[in-house]
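Working notes for the structure below.
In my numbering, the protein residues as written are 518 to 618.
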């Protein structure tokens with residue numbers, strides 16, 4: 518009889534402790550503030566991800582337009598690589614010498 522009573526008492530105590538700990542875990546103020554901080558962090562990260570996805574789409578479109586535009590390749594070659602067509606002459610002007618005079 519005593520063992521049944523002790524087991525029942527132990528089960529009741531364990532149940533009460535489990536309920537209390539579960540309540541504290543989900544509804545305590547420290548966990549709520551942490552939860553709010555984490556939610557804000559997730560929102561900020563989602564916004565950053567959206568911005569980066571938009572940037573990636575813009576860069577992909579820019580790359581596609583560069584690949585499909587022959588004029589771009591020509592202007593890039595002339596301006597950045599100092600390339601010329603056959604029978605053309607490249608004339609470089611030294612701007613420092615012009616400013617000194």
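Yeah, the Cβ is synthetic: ideal placement off N, Cα and C, and Gly gets one too.
DSSP places residue 545 in no alpha helix (DSSP H); its state is neither H nor E. Runs of the alpha helix (DSSP H) spanning 4 or more residues and lying entirely within the region 547-613 occur at 587-597, in chain order. Looking at the backbone, the Cα of residue 532 and that of residue 519 are separated by about 20 Å. The C-alpha of residue 546 is placed about 45 Å away from the C-alpha of residue 576.
In this model, residue 554 and residue 589 are separated by some 48 Å (Cα to Cα).
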